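*Asks:* In my numbering, the protein residues as written are 984 to 1381. Where is the CB? At the ideal position from N, CA and C, for every residue including glycine. Treat the numbers as computed from the prediction; the structure is a model and nothing was measured. First the structure, then my questions, so here it is.
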Ligand SMILES: [Zn+2]
Ligand SMILES: [Zn+2]
């Protein structure tokens, strides 16, 4: 049985926005010997300045503590003396590339990341290839097909997916027949698995809440799309050398095709009334934002944390005003429209979500639209800017 491994203790470095900043720095160090003391210092300074996270401790070479972040995220690998920067890294670093969208990046990781993985010591090229993300998501789809709740705990993943030696290459019918096993993760691998799930929960159709990974899809079209276009492992012959394996795994040979995301199915099931225009106008189609604000799961999580429906903007207690309506609040995402949900150690974070009554929600999006238009912008340039415009709108409402 293949052991599933991941990096450990660096979840915040795996946030999509952070990875993009790391990628921008790494491309400028392509081919350099980052084990050389002065280059290593330069790299650390550059990473700190751009990413805003400590790349500590200073007494260790960056590569000693962060090479697993770079590798697991498919960005870079120190091959011999020079830093190999992947195609994925270059695309992440570029503005307006296919991979500047978190979902598209995740799709590439799902298809490419496989065990045995060259970042880990016990790399054995002849071991059977396992595509862990494809396996987990197919198992979630199988649960949904069985009419069960599409969520898994870490224990379920061990017992059903790892314990049955799933490879991610099987079809969903296979996952429908899985029986529990006695396999349990132990020691470090528990934490590694948890952080691995937190990482993938940045994809708009996955969420982690109360230590469970949920599949958050809008309907059968989404499932069809996942199975036909996304969950198809990028199968290649194993390479004996770790560096060669990493290069092969991250090579982008074919022009990638932007997956066709069906927003019409989102509209039908939407609990919201705000206009799609808010999300799709301008150059970028902000499907991720649309999916965040319309996620029934996120709304459910929000309600479990805020049982009393109080609008954050007008402070109206909507159940007092409309006693016959159970919980009339929309969940609004405070970050720039193109941002994904913030990641915490626990997984999906609701820190940037607020509950708004439908009127305030619409008014705030109208305010955003006018503000962006008058500033000739497509989206907010930073979290701070998005937040300050939100507060401006709230002040107007109060
Ligand atoms: Zn309100
Ligand atoms: Zn909103």
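Provide the residue span of the alpha helix (DSSP H) that contains residue 1231, from first to last.
*Replies:* The residue given as residue 1231 occupies position 248 in the chain shown. First-last of the alpha helix (DSSP H) with residue 1231: 1225-1233.
*Asks:* Please go through the same chain and pick out, in chain order, the residues whose beta-carbon is closer than 6 angstroms to the beta-carbon of residue 1263, but skip the five residues on each side of it.
*Replies:* What you label residue 1263 is simply residue 280 of the chain shown in a count that begins at 1. With a pLDDT of 46 at residue 1263, under the threshold of 50, the modelled position of this residue cannot be trusted, and the question is left open.
*Asks:* Quick one: what's got a C-beta closer than 7 angstroms to residue 1286's C-beta in the same chain, skipping five residues either side?
*Replies:* Indexing the chain shown from 1 puts residue 1286 at position 303. Within the same chain, residue 1286 has close Cβ partners 1310.
*Asks:* On a Cα-Cα basis, can you pick out the residue from 1082, 998 and 1030 that is closest to residue 1235?
*Replies:* Indexing the chain shown from 1 puts residue 1235 at position 252. Of the listed residues, the one whose Cα sits closest to residue 1235 is 1082.
*Asks:* As an exercise, report each continuous alpha helix (DSSP H) stretch of at least 4 residues that is fully enclosed by the region 1073-1104, in chain order.
*Replies:* List check, alpha helix (DSSP H) in window: 1085-1095.
*Asks:* Taking only the alpha-carbon atoms, compute the straight-line gap between residue 1135 and residue 1123 and give it to the nearest angstrom.
*Replies:* Working through the chain shown from its first residue, we reach residue 1135 at position 152. Working through the chain shown from its first residue, we reach residue 1123 at position 140. If I take the Cα positions, the gap works out to 7 angstroms.
*Asks:* Using the three-state DSSP reduction, which class does residue 1300 fall into: helix, strand or coil?
*Replies:* In the chain shown, the residue the question calls residue 1300 occupies position 317. Correct three-state label for residue 1300: strand.
*Asks:* Taking residue 1007 as part of the alpha helix (DSSP H), name the residues at either end of that continuous run.
*Replies:* On the chain shown, position 24 is the one that residue 1007 refers to. Segment 999-1010, the alpha helix (DSSP H) holding residue 1007.
*Asks:* Assuming residue 1015 and residue 1076 form a contact by the criterion Cβ under 8 angstroms, report the distance between their Cβ atoms to the nearest whole angstrom.
*Replies:* Residue numbering aside, residue 1015 sits at position 32 when the chain shown is read from its first letter. Residue numbering aside, residue 1076 sits at position 93 when the chain shown is read from its first letter. Not a contact, Cβ separation roughly 15 angstroms.
*Asks:* Is residue 1141 near ligand 1, going by C-beta to nearest heavy atom under 6 angstroms?
*Replies:* Residue numbering aside, residue 1141 sits at position 158 when the chain shown is read from its first letter. No, since every heavy atom of ligand 1 falls outside the 6 angstroms radius drawn around the Cβ of residue 1141.
*Asks:* If you follow the beta strand (DSSP E) that residue 1192 is part of, which residue opens it and which one closes it?
*Replies:* Counted from its first residue, the chain shown places residue 1192 at position 209. It spans 1189-1192 - the beta strand (DSSP E) in which residue 1192 sits, taken as one unbroken run.
*Asks:* Go through its chain and collect everything with a Cβ distance to residue 1215's Cβ below 7 angstroms, but skip five positions before and after it.
*Replies:* By 1-based counting over the chain shown, the position of residue 1215 is 232. Correct list, in chain order: 1094.
*Asks:* Got a sec? Which residues, its chain only, sit under 7 angstroms from residue 1255 by beta carbon, not counting five neighbours each side?
*Replies:* In the chain shown, counting from the first residue as 1, residue 1255 sits at position 272. With a pLDDT of 34 at residue 1255, under the threshold of 50, the modelled position of that residue is not reliable, and the figure given next carries that caveat. Cβ within range, chain order: 1276, 1277 and 1313.
*Asks:* Should residue 1161 and residue 1137 be called a contact, given that it needs their Cβ atoms to be closer than 7 angstroms?
*Replies:* Taking the chain shown and counting its residues from 1, one reaches residue 1161 at position 178. Taking the chain shown and counting its residues from 1, one reaches residue 1137 at position 154. No, the pair does not count as a contact, with Cβ atoms beyond the cut-off.
*Asks:* Taking only the alpha-carbon atoms, compute the straight-line gap between residue 1171 and residue 1005 and give it to the nearest angstrom.
*Replies:* What you label residue 1171 is simply residue 188 of the chain shown in a count that begins at 1. What you label residue 1005 is simply residue 22 of the chain shown in a count that begins at 1. One C-alpha to the other measures close to 25 angstroms.
*Asks:* Using DSSP with H/G/I as helix, E/B as strand and the rest coil, what is residue 1289?
*Replies:* Numbered from 1 along the chain shown, position 306 holds the residue referred to as residue 1289. Coil.
*Asks:* Measure the alpha-carbon distance for residue 1367 versus residue 1196 and round it to whole angstroms.
*Replies:* The residue labelled residue 1367 in the question sits at position 384 within the chain shown. The residue labelled residue 1196 in the question sits at position 213 within the chain shown. Using only the alpha carbons, I get a separation of about 30 angstroms.
*Asks:* Take residue 1026 and list the residues in its own chain whose beta-carbon comes closer than 6 angstroms to its own, dropping the five residues that flank it on each side.
*Replies:* As a position in the chain shown, residue 1026 is number 43, starting the count at 1. Once the five neighbours on either side are set aside, the close Cβ partners of residue 1026 are 1012, 1017 and 1045.
*Asks:* Report the option in 1119, 1072, 1183 and 1185 whose CA atom is closest to the CA atom of residue 1155.
*Replies:* Working through the chain shown from its first residue, we reach residue 1155 at position 172. For the residues 1119, 1072, 1183 and 1185, the minimum Cα distance to residue 1155 belongs to 1119.
*Asks:* When you compare each of 1303, 1182, 1316 and 1080 to residue 1334 by their alpha carbons, which one comes out closest?
*Replies:* By 1-based counting over the chain shown, the position of residue 1334 is 351. Ranking the options by Cα distance to residue 1334, first place goes to 1316.
*Asks:* Which residues in the same chain have their Cβ closer than 8 angstroms to the Cβ of residue 1325, if we skip the five residues on either side of it in sequence?
*Replies:* Within the chain shown, the letter at position 342 stands for residue 1325. Contacts found: 998, 1318, 1332, 1334 and 1335.
*Asks:* Between which two residues does the beta strand (DSSP E) carrying residue 1065 extend?
*Replies:* By 1-based counting over the chain shown, the position of residue 1065 is 82. It spans 1065-1068 - the beta strand (DSSP E) in which residue 1065 sits, taken as one unbroken run.
*Asks:* Counting along the chain, where does the alpha helix (DSSP H) carrying residue 1204 start and finish?
*Replies:* By 1-based counting over the chain shown, the position of residue 1204 is 221. Its alpha helix (DSSP H) spans residues 1203-1208.
*Asks:* Count the other CB atoms, across all protein chains shown, that sit within 10 Å of the CB of residue 1300; report buried if there are 16 or more and exposed otherwise.
*Replies:* For the purposes of this step, residue 1300 is taken as the residue at position 317 of the chain shown. It counts as exposed.
*Asks:* Identify the continuous beta strand (DSSP E) that holds residue 1313 and give its terminal residues.
*Replies:* Counted from its first residue, the chain shown places residue 1313 at position 330. 1313-1316 is the extent of the beta strand (DSSP E) around residue 1313.
*Asks:* May I ask which residues mark the beginning and end of the beta strand (DSSP E) holding residue 1386?
*Replies:* Outside the modelled stretch of the chain, which goes from 984 to 1381, sits residue 1386, for which no answer is possible.
*Asks:* Cα separation between residue 1114 and residue 1295?
*Replies:* To locate residue 1114, count along the chain shown from 1; it is residue 131. To locate residue 1295, count along the chain shown from 1; it is residue 312. If you take the alpha carbons of residue 1114 and residue 1295, they lie about 42 angstroms apart.
*Asks:* Say the cut is 6 angstroms; is the CB of residue 1299 nearer than that to a heavy atom of ligand 1?
*Replies:* Counting from 1 along the chain shown, the entry for residue 1299 is found at position 316. Yes, Cβ of residue 1299 sits closer than 6 angstroms to a heavy atom of ligand 1.
*Asks:* Among the candidates 1337, 1349, 1327 and 1353, whose CA atom is the shortest distance from the CA of residue 1180?
*Replies:* To locate residue 1180, count along the chain shown from 1; it is residue 197. Ranking the options by Cα distance to residue 1180, first place goes to 1327.
*Asks:* Relative to the C-alpha of residue 1090, which candidate in 1061, 1183, 1023 and 1030 has its C-alpha closest?
*Replies:* Position 107 of the chain shown, counting from 1, holds the residue named residue 1090. Closest by alpha carbon: 1183.
*Asks:* Considering only heavy atoms of ligand 1, does any lie closer than 6 angstroms to the CB of residue 1376?
*Replies:* Here the question's residue 1376 lines up with position 393 in the chain shown. For ligand 1, not one heavy atom lies less than 6 angstroms from the Cβ of residue 1376.
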